[in-house]
Structures are given as C-alpha cells and as structure tokens.
Amino acid sequence: LDYDDDNRLAYKLKDVTVTDTPGTGITSMNFQVDTGSIELLSTPTGVQTFTDILSAHKFYQIIFPTALTPADAQTFIENNLKFHLPSAGATQQVKITLGNGANNLPTGATITKAIIPNPVAGDGAEHYYMYVEPQPAGLVSWADSYNTAKQSYLDGMRGYLVTITSAEEDNVLDQITSTTTGAWSGGA
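In this text, residue positions in the sequence shown follow the numbering used here: the first is 60, and each later residue adds one.
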C-alpha cells in the first residue's frame, strides 16, 4: 500500500497483479469497500463511471470503451484510485472484480449499486439500478422504458425494469429517480 502520509488515512494500491484468465481483455472494473470510501482521481477519455448514492462512495463501476490488457488494468488501478479509511488504524476490506462481459448503456444513464437486506428468496443481495433521464426532458412510455432496459447490458448482465420488493429498495429508487418525471417499474 502507498499511504499519503504518516496519518495513514488514505492510500493507493501498488504492485497490483492483474490476470486476464479468459484472454479477452478487461472491459469493466468494480471496486467496493466495507468501510471508509473510494475516490476516483481521474477519468480517462471515453471511460464511463458509476457509483453508489452515498456522498463518501463505497462503490465504483468503471466501464472502458475498449478492452484493457492486464498491464493497462494494473496501471489504471495504481494511478486512478485512492482509498480512504474512516479513522487512523481502521481496517478496510477492498473487493475488486474485473469483468469482460458486454457493456451497452444508454447515454445519460446513471447506475447505482445497493445492498438490499432481506431480498426475495433466491435473489442476491447486491442490486444494480439504472436511471435514464428522458432526453429531451419529458415523459417516456412504459414500453420505451422496457425496451431501453432490455437493450442495456452491464458486464454481460441484461437489464430489466425493477420489481420493488421492499421498503429499503423503494427508498433507494426514490433517491436516484427524478422528482419531476418519475420512473417506470416492471411489477410482478
């Protein structure tokens, strides 16, 4: 680790080893911490970044316009991310996931990742939510929203309209959608 100073409250990763087992290149990176926060220091041209709804971000999803080699991915990780600890001497678990799946997101999309307690039986607790502000500003039909969701991919995962299963999930959606235009859900 490469700490900023003697306080040891912020650091960058160094001597990172990146492996591309499938050999197809790295199209996305997902960074997550359990405590503290993540800071993205710079965003190269064409790179899309998405984060959580917290002011001190615990999650970043980064999508690259062309696949990276392991060496390029290593350079990106070591030079573009800083991790902040909540206090001196605190511990932090960093989870990094490299993706090589398809990414196709509409212009103006924002993506939020949230961990929803008590998910539907058989469903994972980590959920990704995409919101697309209508352009030009206005109303969008349910069918157009459905089709946009189905044409969207995040690291190979196909999109769909959300089915709200809890008050916690509804609260996350209230925080990421526009108060003037609203949003569509899928229902079940």
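Positions of the beta carbon are idealized from the N, C-alpha and C atoms, including for glycine.
Would you kindly report the start and end of the unbroken alpha helix (DSSP H) that includes residue 107? Looking at the DSSP string, residue 107 is not in any alpha helix (DSSP H); the run it does join, the beta strand (DSSP E), is 107-110.
Excluding the 5 residues flanking residue 128 on each side, which residues of the same chain have their C-beta closer than 6 Å to its C-beta? Once the five neighbours on either side are set aside, residue 128 has no close Cβ partner at all.
Only counting the same chain, and skipping five residues up and downstream in sequence, which positions put a Cβ closer than 8 Å to that of residue 100? Closer than 8 Å at Cβ, skipping near neighbours: 138, 139, 140, 141.
Option nearest residue 124 by Cα separation, candidates 188, 228, 60, 84: Closest by alpha carbon: 84.
Could you check if residue 198 is buried or exposed, using at least 16 other CB atoms within 10 Å of its CB as the buried criterion? exposed
Nearest CA to the CA of residue 216: which residue from 164, 191, 190? 164
In terms of residue numbering, what span does the alpha helix (DSSP H) encompassing residue 207 cover? 201-209
Got a sec? Which residues, its chain only, sit under 6 Å from residue 190 by beta carbon, not counting five neighbours each side? Once the five neighbours on either side are set aside, the close Cβ partners of residue 190 are 169, 235, 236.
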